[in-house]
Structures are given as structure tokens and as C-alpha cells.
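Reminder that position 71 of the sequence shown reads as 71 in our numbering, one-by-one numbering, no gaps.
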Amino acid sequence: MGLEDIFSSRLRIKILKILFQMRELNVSEIARRLNVNYNTAIKHLKILEDEGIVCHKVFGRIRLYRLNENSPRVRAIQNLLDVWEQTNKP
């Protein structure tokens, strides 16, 4: 999947921003914060996971997602978001 495919979804961008802020969240909390249903959140998280951008761990029935800090893509996205946020401050 190309860069334009990852960033073509506002929801995926919002997921990334939330995970950069909160570090780790379960699917239900991600869905609640984005005001989407559980299945929609899972669909977009799966896309990000398939690209190595996020990863998850399971505790019983709870699936916690976080950014894959070992990924150079994640570091590049973090740099992009940092620059974007700094240049958009009033």
C-alpha cells in the first residue's frame, strides 16, 4: 500500500494522531474517541497493522493498539505531524 493510500483516510490519520498522543488504547476507546463503530475502527487499524505502522497485544478479550516504535515509517509520520502542528500554531 502506498503513502497516498495510508493518508487518503481521515480516520486513519485521526487514529495515528490519537495513538501518538495516548501511546496505547483499546479498540473500543479508539472507536469512542473517533465517534465510529467498533468494526470501522478495526478495519482501519488492520490496514495500519498490515503496513507495520501499528501493532497490538491481547489481554483476554481486550486488544490494545500502539504505534510500532521500531518502524522508520512511524518515525517519519511523527516528524511530519510535529512539523505540521508547529507550523499551524497561531
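Built from N, CA and C at the ideal position, the CB exists for glycine as well. All values derive from a computational prediction rather than experimental measurement.
Let me check understanding here. Comparing Cα to Cα, which of the options lies closest to residue i?
i, options, result
"His56", "Arg23, Arg10, Asp82", "Arg23"
"Leu11", "Leu19, Ala76, Leu34", "Leu34"
Which value, in whole angstroms, describes the spacing of the CA atoms of residue i and residue j?
i, j, result
"Leu17", "Leu3", "Here the sequence assigns Lys to residue 17, which means Leu is not the residue at that position. For Lys17 and Leu3, the distance between alpha carbons rounds to 16 Å."
"Leu45", "Ile30", "10 Å"
"Tyr38", "Arg66", "17 Å"
Can you tell me which of the three DSSP states residue i falls into?
i, result
"Val36", "coil"
"Lys89", "coil"
"Arg66", "strand"
"Phe20", "helix"
Give me, in chain order, the residues of the same chain whose beta-carbon lies closer than 8 Å to that of residue i; leave out the 5 immediate sequence neighbours on both sides.
i, result
"Asn68", "Gly52, Ile53, Val54, Cys55, Val74"
Less than 7 Å between C-beta atoms, sequence neighbours within five positions excluded: which residues of the same chain meet that for residue i?
i, result
"Lys14", "Leu34"
Does the Cβ of residue i have 16 or more other Cβ atoms within 10 Å, making it buried, or fewer, making it exposed?
i, result
"Glu62", "Per the sequence presented here, residue 62 reads as Ile, with Glu not at that position. With fewer than 16 Cβ atoms within 10 Å of its Cβ, Ile62 is classed as exposed."
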